[in-house]
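In full-length UniProt numbering, the protein residues as written are 1 to 382. The beta-carbon is built from N, C-alpha and C at its ideal position, and this holds for glycine as well.
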Amino acid sequence: MPAPMPRRRALLLVQCFPPRLGGIEAWMGALAETLSRQGVEVTVLADAARGGARHDAGAAYSVRRFGGPRPLRRRLKGLAARWAAQSVDVVYADSWKSLEHAWLGGAARVVCHAHGNELPEGPTDRRARRVRAALAKATTVLAASRLALERLEALAPPGVALALRTPPIAAPAPADDDEKALACAAWPLAGGPRLLCVARLEPLKGVDRVIAALPELSARHPEVSLVVAGDGPDRARLEDLARTTNCEDRVRFVGFVQGARKAALYAAADLFTMPTRAVGRRRESFGMVYLEAALAETPALAGDAGGSADAVAHKRTGMLCDGESQEEVTAALGALLADRARLTRLGSAAREHAEGQLWPARISDYLGDFPAACAPGPRPAR
Numbered sequence: 001m002p003a004p005m006p007r008r009r010a011l012l013l014v015q016c017f018p019p020r021l022g023g024i025e026a027w028m029g030a031l032a033e034t035l036s037r038q039g040v041e042v043t044v045l046a047d048a049a050r051g052g053a054r055h056d057a058g059a060a061y062s063v064r065r066f067g068g069p070r071p072l073r074r075r076l077k078g079l080a081a082r083w084a085a086q087s088v089d090v091v092y093a094d095s096w097k098s099l100e101h102a103w104l105g106g107a108a109r110v111v112c113h114a115h116g117n118e119l120p121e122g123p124t125d126r127r128a129r130r131v132r133a134a135l136a137k138a139t140t141v142l143a144a145s146r147l148a149l150e151r152l153e154a155l156a157p158p159g160v161a162l163a164l165r166t167p168p169i170a171a172p173a174p175a176d177d178d179e180k181a182l183a184c185a186a187w188p189l190a191g192g193p194r195l196l197c198v199a200r201l202e203p204l205k206g207v208d209r210v211i212a213a214l215p216e217l218s219a220r221h222p223e224v225s226l227v228v229a230g231d232g233p234d235r236a237r238l239e240d241l242a243r244t245t246n247c248e249d250r251v252r253f254v255g256f257v258q259g260a261r262k263a264a265l266y267a268a269a270d271l272f273t274m275p276t277r278a279v280g281r282r283r284e285s286f287g288m289v290y291l292e293a294a295l296a297e298t299p300a301l302a303g304d305a306g307g308s309a310d311a312v313a314h315k316r317t318g319m320l321c322d323g324e325s326q327e328e329v330t331a332a333l334g335a336l337l338a339d340r341a342r343l344t345r346l347g348s349a350a351r352e353h354a355e356g357q358l359w360p361a362r363i364s365d366y367l368g369d370f371p372a373a374c375a376p377g378p379r380p381a382r
C-alpha cells in the first residue's frame, strides 16, 4: 500500500494583514483564508494590530503577531520565520520588506508579492541594494500589475523568476433590502446619473477631477450627482472644492464603508469613477475597487497611470483616461454618461471579467506554487 502524500503547508510573512484595512491587507487575509479552505495548513507571522487577537481567534489558520519597536519586531519575526520555514512547502511574503530580515535558508519555495510603489523606479535608487538583497531570498516574485513588473525587471537578481499575478477578489457580502434602500438614498439628487468613488481620499485617486467635472456635466445631466465613500487626508480639500465649484448639493461624502453597504453602493451606481494619476513617484498599484464595482455590473472610469490598466480593460469593461488632465477626465465622463446602452454593455463585460477574478476561480494560481508531491488535506467542516 503506497504511503499517504504529505499535507500541504504554507507560511505567510506579512506586515499588511487584517484586521488592518487596505488592498494588500485584504489580499493577504483572503489568501490565508482561501488556502485554509483548500486544506492547506497555514501559519501567519504578522505585525501586531489593534483588534488582532479578536480577529485571530476566529481564523481557520494560525497567527503569531509581533509588536514593539520596529527593529526589535523585525528581528523577532525574522527569527521566527527561520524555524517556521523549515517545515512548510511554500513561504509567501506580502512584499520585499517582509523578506528583508527573514532567515529562510532551506525553505522549499519562497514567493514574494510586489505591488509597485514599494519598489524603486530604477537600479540606481538608494534603496535598490536593499530590495535586491531581499528579493534574492525568493524563488519567484509575483507582480500585481505591469507597473510592478516593469520595475522588477530592473531590480530582480539573476535566477529569481518573475510573473504577473493580479490580485484576486472576494465575493461581496450580500445586501438586504434595507441596505439597498439606504444605498439608493445616498445620492443627493434623484433621477440623474449616479457617480460613485470608493477610495482612500488622497490626491492620487483623482476624486478632485470628478468633482471639478460636475458643473460641465450638469449642463446636459441636471440631476447628476456623486457619492464619495472613504476617508483620508484629502477629504477637507475635496469638501472645499465641492463648495467652491457650487456643487455642494451634488456631492455627498459618506465616509468609510464596507461589507454589504459597500456592495449596495456599487450596485446602485451607474458609473464608478476613480481617474487616478501619478503623484511624485507614486501610482495606483492596481485598484481592486474597480473589480468590486464590476461584480455589480458597474463599469469604471480609471486613470491610465500605474496598475489601473490591469484592472480596467479600455473600452471593454470601462474607460481609461489621463487623470492629470481635467479636460480629458471631463470629456470621458461626458462620453460615458451620454450613452446609456454603452454603459450597460460595459457593465456586462465588466461583471464577466470580474467573476473570473474571484478567489474560487483564481486559487489554482496559488495551489500551483506547491510541489506536486503534496496532498490537499481534509477540508475544514463548514
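Answer yes if the segment 285 to 296 comes into contact with the segment 206 to 219, meaning at least three C-beta pairs across the two stretches below 8 Å, and no otherwise.
-> no
If we call anything under 8 Å between Cβ atoms a contact, is V88 one with P203?
-> no
To the nearest angstrom, report how far apart L152 and L135 are at their CA atoms.
-> 10 Å
Return the CA-CA distance between A10 and V131, expressed in angstroms with no decimal places.
-> Counting only the Cα atoms, V131 lies some 23 Å from A10.
Is it the case that the Cβ atoms of P222 and N246 are separated by a distance below 8 Å?
-> no
Are at least three pairs of beta-carbons, each pair with one atom in the segment 108 to 119 and one in the segment 142 to 149, less than 8 Å apart?
-> Verdict: yes, contact present.
Mark A263 as exposed unless 16 or more other C-beta atoms lie within 10 angstroms of its C-beta, in which case mark it buried.
-> buried
Around the C-beta of Q38, are 16 or more other C-beta atoms found within 10 angstroms, so that it is buried, or is it exposed?
-> buried
Just mark residue 390 as buried or exposed, buried being the case when its beta carbon has 16 or more other beta carbons within 10 Å.
-> Because the chain in this structure spans residues 1 to 382, residue 390 falls outside the shown range and cannot be described.
Between the Cα of P193 and those of D178, L343, S36, spot the shortest distance and give me the residue it belongs to.
-> L343
Through-space distance from R127 to A161, alpha-carbon basis = 21 Å
Determine the contact status of A186 and V254, defining contact as a CB-CB distance below 8 Å.
-> yes
First and last residue of the uninterrupted alpha helix (DSSP H) at H55 = 52 to 57
Quick one: what does DSSP say G318 is sitting in, helix, strand or coil?
-> strand
Simplified DSSP assignment, three categories, for S348 = S348 falls in the helix class under three-state DSSP.
Going by beta carbon distance, what residues of the same chain come within less than 6 Å of R379, once the five residues before and after it are set aside?
-> With a pLDDT of 39 at R379, under the threshold of 50, the modelled position of this residue cannot be trusted, and the question is left open.
Assuming L291 contacts D304 (C-beta within less than 8 Å), just tell me the rounded distance between them.
-> The beta carbons of L291 and D304 sit about 17 Å from each other, so the pair does not count as a contact at 8 Å.
Please go through the UniProt domain "Glycosyl transferase family 1" (193 to 352) and give each complete alpha helix (DSSP H) segment of 4 or more residues, from N-terminal end onward.
-> 207 to 220, 235 to 244, 259 to 268, 288 to 295, 326 to 337
Go ahead and label A332 buried or exposed: buried means 16 or more other beta carbons lie within 10 angstroms of its beta carbon, across all protein chains shown.
-> Buried, since its Cβ has 16 or more Cβ neighbours within 10 Å.
Which residues DSSP lists as bridging A143, in chain order = The partner list for A143 (beta bridge, DSSP) reads A114, L164.
Same chain, Cβ closer than 6 Å to D56, five either side skipped, listed in chain order = V63
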